[in-house]
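Each residue of the sequence shown is one higher than the one before, counting from 1 in full-length UniProt numbering.
All C-beta atoms, glycine included, are put in the ideal place defined by N, C-alpha and C.
This one's a predicted model, so the numbers in the text were calculated from it and none came from an experiment.
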Amino acid sequence: TATESTFAAVGDVLNYTIVVTNTGNVTLSNVAVSDPLTGLNVSIPSLAPGAVESIPTSYTVTQSDIDAGKVDNTASAVVGAVNVSASESVTATQNPELSITKTATESNFAAVGDVLNYTIVVTNTGNVTLSNIAVS
């Protein structure tokens with residue numbers, strides 16, 4: 001499970017706790033636990049019936065995650081032929097936003113017909129990658 005329910009910025013850290021429970025009636029040996037998203041690969045040497053092992057791991061959010069609108073994560077535990085997995089999604093708070101400024105290059109003009117040059121700057125002030133931006 002993830003501690004955080006949402007994220008909004010590149011570099012935000014999502015903290016997960018992977019909980020492995022032996023629901024059977026025999027002790028399990030060498031339970032392989034993996035989480036490809038976070039790079040976690042650990043082995044639980046022994047897990048008695050009814051025992052619970054909690055494993056913390058974390059993931060750092062990228063721009064691709066914000067653009068996608070979520071982080072999907074699946075962790076699995078494998079022992080022998082038994083393979084179980086659990087998935088969770090954490091949602092991005094997307095904030096598409098632009099600012100635009102227009103500045104004259106010349107500070108003054110003297111006559112009708114003088115040419116004024118402008119600099120237009122468009123800035124992505126949100127947290128989502130934007131494309132096909134038109135300035136008119």
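Residue i - DSSP class collapsed to helix/strand/coil
{"i": "D114", "result": "coil"}
{"i": "D67", "result": "helix"}
{"i": "D12", "result": "coil"}
{"i": "L98", "result": "strand"}
{"i": "A51", "result": "coil"}
{"i": "A32", "result": "strand"}
{"i": "V61", "result": "coil"}
{"i": "V26", "result": "coil"}
Beta-ladder partner(s) of residue i, from DSSP
{"i": "V90", "result": "V71"}
{"i": "T123", "result": "S99"}
{"i": "V20", "result": "E53"}
{"i": "F109", "result": "DSSP lists no partner for F109."}
{"i": "A77", "result": "V33 and V84"}
Alpha-carbon spacing of residue i relative to residue j, whole angstroms
{"i": "G11", "j": "D65", "result": "11 Å"}
{"i": "P49", "j": "N30", "result": "14 Å"}
{"i": "D67", "j": "V128", "result": "5 Å"}
{"i": "V61", "j": "S5", "result": "13 Å"}
{"i": "K70", "j": "S89", "result": "6 Å"}
{"i": "A75", "j": "G39", "result": "10 Å"}
{"i": "N73", "j": "V115", "result": "57 Å"}
{"i": "E53", "j": "V19", "result": "6 Å"}
{"i": "S131", "j": "A81", "result": "47 Å"}
Residue i: first and last residue of the uninterrupted beta strand (DSSP E) it sits in
{"i": "I133", "result": "Counting along the chain, I133 falls outside any beta strand (DSSP E), and DSSP gives it neither H nor E."}
Residue-chain proximity (residue i, chain B), Cβ-Cβ < 8 Å
{"i": "V31", "result": "Going by chain labels, chain B is absent from the structure shown, which holds only one protein chain."}
Between the segment 27-40 and the segment 106-119, can you find at least three pairs of beta-carbon atoms closer than 8 Å? no
When you compare the segment 86-96 with the segment 3-20, are there three or more beta-carbon pairs, one atom per stretch, that lie closer than 8 Å? yes
Can you find at least 3 beta carbon pairs, one from the segment 51-58 and one from the segment 97-110, that sit closer than 8 Å? no
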